[in-house]
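What follows is a single structure, written as structure tokens, with notes after it.
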Amino acid sequence: MGRTLQNTMINLGLQNACDEAVYQLGLDMEELEEIEEDAGLGNGGLGRLAACFLDSMATLGLAAYGYGIRYEYGIFNQKIRDGWQVEEADDWLRHGNPWEKARPEYMLPVHFYGRVEHSASGAKWIDTQVVLALPYDTPVPGYMNNTVNTMRLWSARAPNDFNLRDFNVGDYIQAVLDRNLAENISRVLYPNDNFFEGKELRLKQEYFVVAATLQDIIRRFKASKFGSTDSVRTVFDSFPDQVAIQLNDTHPAMAIPELMRIFVDIEKLPWDKAWDITKRTFAYTNHTVLPEALERWPVDLVEKLLPRHLQIIYEINQRHLDHIASLFPNDVDRLRRMSLIEEGGTKRINMAHLCIVGSHAVNGVAKIHSEIVKTQVFEDFAALEPEKFQNKTNGITPRRWLLLCNPGLAELIAEKIGEDYVRDLSQLTKLHEFVDDDLFIREVAKVKQENKVKFALYLEKEYKVKINPSSMFDVHVKRIHEYKRQLMNCLHIITMYNRIRRDPAKLFVPRTVIIGGKAAPGYHMAKMIIKLINAVAQVVNNDPMVGSKLKVIFLENYRVSLAEKVIPATDLSEQISTAGTEASGTGNMKFMLNGALTIGTMDGANVEMAEEAGEENLFIFGMRVEDVTELDRKGYNAQLYYDRLPELKQAVDQIKSGFFSPKDPNLFNDVVNMLFHHDRFKVFADYEAYVKCQEKVSELYLNSKAWTKMVIRNIAAAGKFSSDRTIKEYARDIWHVEPSDLKIPPPNEPRDSGQDKTPNGTAA
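In this note's numbering, the protein residues as written are 360 to 1123.
This is the structure we're talking about:
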């Protein structure tokens, strides 16, 4: 979520009043804002997407709740020591959190372990361990519409009789100390992005958020006029018309068997009715196609922790496979491919398959990704139910990612086309009229220059590095991962360095290359990549032959509040994943909206950005998905490229020989070995096209006017990438609710009882 103060002031229309009031108290609002800690309760793009979605849902007047875990420790703080990443605990609640309100009156029990007893009256899950889920509510204000939604985060609490009720031998002190075991569930965020780590505590977290949330939703449904009771029992027929649950990846997939357990075991619905309601309630968003990221939980772990849920999953699978077998008799291989249970070695539950079978809609997050989901990853499922599969291209909230972080540009745009674009970003197309307006071109360039100077000062203050604000700011910020190919950027830096040293007199367009992002603590290669970037920076930044032509900076502890500073100051945005690996990307959209040009592959949402702005207004290079597929078919041989390209050979040889690590020449052996022998992401295959494309970038940068005109064309084409557009599509195509842009009256005005201003509809 990042910080909340400035976002709240903007959405409430109070920023100027607050700035002025605080100034009159002799304080500086910007200094005050810098004191707030980021709420870093997720990893990379998936978590930030959820935050943008909450802002859009409130702005569109949807009755929507965001549910998650109130981690005591969020994503680690990253320190760079001697060029290595070192993790520190993110004690973000140390000074309290003024935005949250604990709601002990809505505390709910969550059960673990135990056993299942079957009888004539049905299944009973007994002898369980209970953990209490304590909700904390954070307000989510819409933009200038007097709507405030809720983000409800669950914290784990041990019941007061924890370890004291059962067969306790009287060690009271130990029993109280053991309360920590239960409360550890919400202690810390697992810091993996695009990687599955099958740990018991992680599964506990996933079930904890699901069980608490479903109880909360059902309590709210029963209290509403729709949860009519037929003598004693609630009638759930209208449940899917009143409730929509969107699964953000497979992490909350246990919600599907949990809702079935509630309907069948507790509410005593017949299986078929319960299953129909469940399917119509859930929809699943897939966020990655990397096989190592797909959740596959060992059956024996689920059996131990959630025995009843395993039985329900088996029953879902049996009925699912019976259906497949009836359509495709004797096709055992299809049954194996489509089963929720993977046999062979340790039996595992494929959570993506569970989500597809248990949902009425499945979507990818960019056109190209949704195609790959349909034709490759889940092709058997798509062949069976093509109408279930959709695309919902990701977006970003223009409130945080333009108004808040780039007020200069936001104001300049408002002067030209009015202020309405903030709620309807498609209006940015009106800027096309000003692409040849010399004054506007100069003003856009001036705002960018001011942002660069401001960021350069920040860098000087925080990192004691001096950079040239007239150099091109070439920025690559995102999680560190092999598929995102920070290594390819690194090879380009080394190539530029070698060119400067080979011919110091030759004209060289000065660059400041800024790379930032966190590596998962257990991801060895990602940590080596950080070390390599810092080792290269050490050499480049201290070579007198290079001077101010080339500077390399590794941006420590990349997070939302730092993104808000670096993105508005960026000239060139690096989006260089291997085609077919980045589901969408959202940083790419933030840079586009803030007046940076993109160098990128035809991957994720880059494809649609090129479609909107015209491919000639992005620097597109490298293999397309078809080329990658073809290269896989032929077999990728890295050595070929190394032998064929002298500059690549030189750069790789320098890494290999210890040129960048003289004290330990073998330091980067693992990296070099990977690049030659098991580089799944084919860095060498795109190196030549990348370097050539970068030459075109430098050439254009020399012509400030032509560069800025291209920037304006990009901003004018960024309207599609508002999360408001994304959420309208989810609302209409999946949740079946109508967004309302009605501004409800403020609380100090009497409500107009004559008309209902809140249209009836689903709560998402």
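For every residue, glycine included, the Cβ atom is placed at its ideal position computed from N, Cα and C.
Between the segment 561-569 and the segment 608-628 there are three or more inter-stretch CB-CB distances shorter than 8 Å, so the stretches are counted as touching. A direct Cα-Cα distance of roughly 33 Å separates leucine 491 from tyrosine 882. Taking 8 Å as the cut-off, the beta carbon of valine 919 is found closer than this to the beta carbon of aspartate 397. Distance from the CA atom of glycine 420 to the CA atom of cysteine 411, rounded to whole angstroms, is 14 Å.
By the neighbour-count criterion, in which a residue is buried when 16 or more other Cβ atoms sit within 10 angstroms of its Cβ, isoleucine 1071 is buried. In terms of CA proximity to glutamate 559, Arg655 leads the group Ala479, Phe521, Ala725, Arg655.
Of all C-beta pairs linking the segment 423-442 to the segment 398-406, three or more are shorter than 8 Å, placing the two stretches in contact. For alanine 461, same chain residues with a beta-carbon under 6 Å away, outside a window of 5 residues either side, are Tyr495 in chain order. The beta carbons of methionine 1069 and asparagine 976 sit closer together than 8 Å. For serine 514, the beta-bridge partners assigned by DSSP are Leu493. Taking a cut-off of 8 Å on C-beta distances, the segment 684-691 does not touch the segment 631-642, as fewer than three cross pairs fall below it. Counting along the chain, methionine 831 sits inside the beta strand (DSSP E) bounded by residues 831-836. Counting of Cβ neighbours within 10 angstroms places leucine 909 among the buried residues, the total reaching 16 or more.
Glutamate 556 and serine 597 have their alpha carbons spaced roughly 38 Å apart. When the five nearest sequence neighbours on each side are left out, the beta carbons in the same chain lying within less than 6 Å of the beta carbon of valine 716 are those of His679, in order along the chain.
For the segment 830-917, the continuous alpha helix (DSSP H) assignments of 4+ residues that do not extend past its boundaries occur at 845-861, 883-900, in sequence order. The residue from Lys823, Asn1062, Glu933, Ala742 with its alpha-carbon nearest to that of leucine 846 is Glu933. Boundaries of the beta strand (DSSP E) around glycine 481: 481-485. Note that the C-beta distance between serine 718 and asparagine 750 is not below 8 Å. Between the segment 1032-1039 and the segment 865-879 there are fewer than three C-beta pairs closer than 8 Å, too few to call the two in contact.
The beta carbon of glycine 946 is closer than 6 Å to those of Lys837 in its chain, skipping five residues each way along the sequence. In the DSSP annotation of this structure, the continuous segment of the alpha helix (DSSP H) that includes isoleucine 1014 starts and ends at 1005-1016. Taking the C-beta atoms as reference points, glycine 954 is found no nearer than 8 Å to isoleucine 1093. The Cβ-Cβ distance between alanine 938 and glycine 981 falls below 8 Å. DSSP, reduced to helix, strand and coil, places tryptophan 458 outside both helices and strands of the structure shown, so it counts as coil.
Distance between glutamine 735 and phenylalanine 554, taken at the CA atoms: about 20 Å. A direct Cα-Cα distance of roughly 16 Å separates valine 911 from glutamine 1053.
For the pair asparagine 765 and proline 927, the Cα-to-Cα distance works out to about 6 Å. A Cβ-Cβ separation of about 6 Å places alanine 541 in contact with alanine 515 under the 8 Å criterion. For arginine 1039, there is no enclosing alpha helix (DSSP H), as DSSP marks it with neither H nor E. Taking all protein chains shown into account, tyrosine 502 has 16 or more neighbouring C-beta atoms within 10 Å of its C-beta and is therefore buried.
By the CB criterion at 8 Å, leucine 413 and asparagine 522 fall outside the cutoff. Here glutamate 923 has Leu763, Cys764 as same chain residues with Cβ atoms under 7 Å from its own Cβ, once five neighbours each way along the sequence are excluded. Secondary structure at tyrosine 424: strand, using DSSP grouped into helix, strand and coil.
Under the DSSP definition of a beta bridge, tryptophan 443 partners with Arg440.
About 19 Å separates the beta carbons of aspartate 795 and glutamine 786, which is beyond the 8 Å limit, so they are not a contact pair.
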